[in-house]
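Participant: Quick note on the numbering used here: the sequence shown kicks off at 6 and runs consecutively.
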Amino acid sequence: MEIKNVTILGAGVLGSQIAWQTAFHGFRVTVYDIDDKALDAAREKHKGYASYFKANYGATDEDIQNTFGRLTYTIDLAEAVKEADITSESVPEVLEIKKDFYKKLASVAPEKTIFTTNSSLMVPSQYAAETGRPGRFLAMHFANPIWEANIAEIMGHPGTDKNIFDEVVNFARAIGMVPIPLFKEQSGYVINTLLSPLLGAAGNLYFNGVADYKTIDKTWIISTGAKSGPFGIMDLVGMQTMYHVMMLKAKQSGDASALKRAEAIKTNFIDKGKMGISSGEGFYKYPHPEYQSPDFFK
Ligand code: NAD
6 MEIKNVTILG AGVLGSQIAW QTAFHGFRVT VYDIDDKALD AAREKHKGYA SYFKANYGAT
66 DEDIQNTFGR LTYTIDLAEA VKEADITSES VPEVLEIKKD FYKKLASVAP EKTIFTTNSS
126 LMVPSQYAAE TGRPGRFLAM HFANPIWEAN IAEIMGHPGT DKNIFDEVVN FARAIGMVPI
186 PLFKEQSGYV INTLLSPLLG AAGNLYFNGV ADYKTIDKTW IISTGAKSGP FGIMDLVGMQ
246 TMYHVMMLKA KQSGDASALK RAEAIKTNFI DKGKMGISSG EGFYKYPHPE YQSPDFFK
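Printed below as a string of structure tokens:
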């Protein structure tokens, strides 16, 4: 099947980026969200991405005009998906919301439509039944911001049709992503399965007073050639997400040290407005963090 029409379901932080990136790469994109306020916010973000693409990716006025020409916005779900070949869902990361949403979507979407979810913490089998088309349902997971961290992790559940999986891998490539196919369900996909123990180990070294965070980052950067160390990565992920992940860990494992760390993140960062790179400060100050300066390594 040739994919032409794409529908983005939920146009918040990630959905609005996926919509823009997909339209920029030549697909007709319909953006759906629950109310006009959310759609207005997405439109505003798209204006910002337009300037960013002109400044950073050499996009011409014509490219930008064409991209806007391929974007439409609606709060009517049936209207949003009536011609959809594929959907990319980025509604909130709450199982009940996802389940309810897929039941509604299944009742209005054409049979041909492939459903993809951008869920970070859940796996597709947790709500495959609600989609009414488990064979045409799988995860296509992006990283933030999607044009810089341009991987798309493609992960089916045991009932996903192999041909559909391959079509989604090709689609990801067509919108400028590097596809990362996973052969089985894995909570955290590849990237978070790798990152989670690294950030956890860095936190242990720091909170147990073994070394300060700059020394830990320095060690990692010099030894691996990476552009940033674990605490720089935490700034990129953002303190709100770090807090959320720590709280989840504390709840799931009853681990008192995870709760203590979550509280430390809240007091030392979130309550002070230091949200990470997005707010200009986390462990480091942006846009010119110390670890990008040669002096950091003296
Ligand atoms: P967000 O809160 O910015 O956006 C969610 C959007 O969904 C909002 O625009 C909201 O109006 C809309 N919404 C709320 N309830 C809805 C409903 N019942 N039906 C339809 N739409 C509804 O969230 P986000 O950060 O974009 O995350 C969305 C999804 O993307 C989550 O599953 C998250 O795990 C995943 N994700 C997020 C990131 C990230 O860095 N933020 C990265 C990868 C994946």
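Glycine included, C-beta positions come from ideal geometry on N, C-alpha and C.
#1: Check whether the region 64-83 touches the region 40-52, counting contact only when three or more Cβ pairs, one atom from each stretch, lie closer than 8 Å.
#2: In terms of alpha-carbon separation, which member of TRP25, LEU76 and THR121 lies closest to VAL173?
#3: Are there 16 or more other CB atoms within 10 angstroms of the CB of HIS51, so buried, or fewer, so exposed?
#4: One question on the structure: do SER93 and ILE151 come within less than 8 Å of each other, judged by their Cβ atoms?
#5: Whole angstroms is fine: what's the gap from PHE147's alpha carbon to ALA134's?
#6: Could I get the ranges of all uninterrupted alpha helix (DSSP H) runs contained in the region 224-277, with 4 residues as the minimum, in chain order?
#7: Per DSSP, which residues does THR121 bridge with? Please list them.
#8: Using the beta-carbon count (16 or more within 10 Å), is VAL250 buried or exposed?
#9: Tell me the DSSP secondary structure of ILE318 in three-state form.
#10: Based on the DSSP output, what are the partners of THR10 in its beta bridges?
#11: CB GLY234 to CB TYR296, shorter than 8 Å?
#12: What is the rounded straight-line gap between the Cα of PRO294 and the Cα of ILE227?
#13: What do you reckon, is the C-beta of VAL11 under 7 Å from a heavy atom of the ligand NAD?
#14: Take ALA55 as the anchor and find which of ARG33, ALA28 and PHE32 has the nearest alpha-carbon.
#15: Between LYS279 and GLY237, what straight-line distance do the alpha-carbon atoms span, to the nearest angstrom?
#16: Could you check if LYS293 belongs to the surroundings of the ligand NAD, using beta carbon to heavy atom distance under 7 Å?
#17: According to DSSP, is THR79 helix, strand or coil?
#18: Just to confirm the assignment, what range does the beta strand (DSSP E) spanning PRO186 have?
#19: Can you tell me which of the three DSSP states ALA114 falls into?
#20: Enumerate in chain order the residues of its own chain whose CB-to-CB distance from VAL11 is below 6 Å, with the five nearest sequence positions on each side excluded.
#21: Which residue comes first and which comes last in the beta strand (DSSP E) that contains ILE159?
#22: Going by C-alpha to C-alpha distance, which of LYS59, LEU76, GLU116 and SER125 sits closest to THR246?
#23: Can you list, in chain order, the residues of its chain with a C-beta nearer than 7 Å to that of ALA64? Leave out the 5 residues immediately preceding and following it.
#24: With C-beta atoms as the reference, is ASP240 less than 8 Å away from GLY193?
#25: Can you give me the start and stop residues for the alpha helix (DSSP H) that ASN71 sits inside?
#26: Short of 7 Å in beta carbon distance, which residues of its chain neighbour LYS104, apart from the five on each side in sequence? Order them along the chain.
#27: Alpha carbons only, please: which of PHE176, GLY17 and PHE106 is nearest the one belonging to ALA47?
#28: Three-state secondary structure (DSSP) at LYS104?
#29: Once DSSP output is grouped into helix, strand and coil, what is the label at GLY193?
Facilitator: On the basis of the supplied data:
#1: yes
#2: The shortest C-alpha separation from VAL173 is found at THR121.
#3: HIS51 counts as buried, since at least 16 other C-beta atoms from the protein chains shown sit within 10 angstroms of its C-beta.
#4: no
#5: 23 Å
#6: 235-242, 244-258 and 261-273
#7: SER93 and LEU143
#8: buried
#9: Only positions 6 to 303 of the chain appear in this structure, which leaves residue 318 out of reach.
#10: Reading off the sequence, residue 10 comes out as Asn, not Thr. Its beta-bridge partners are ARG33.
#11: yes
#12: 16 Å
#13: no
#14: ALA28
#15: 13 Å
#16: According to the sequence provided, residue 293 is His. The question's Lys does not apply to it. It does not: the Cβ of HIS293 is nowhere closer than 7 Å to a heavy atom of the ligand NAD.
#17: strand
#18: 183-187
#19: In this structure, ALA114 counts as coil in the three-state DSSP scheme.
#20: THR27, PHE32, VAL34 and ILE91
#21: 156-160
#22: Looking at the Cα atoms, SER125 is the closest of the given residues.
#23: PHE58
#24: no
#25: 66-74
#26: Once the five neighbours on either side are set aside, the close Cβ partners of LYS104 are TYR132 and GLU135.
#27: Of the listed residues, the one whose Cα sits closest to ALA47 is GLY17.
#28: DSSP, read as helix, strand or coil, puts LYS104 in helix.
#29: coil
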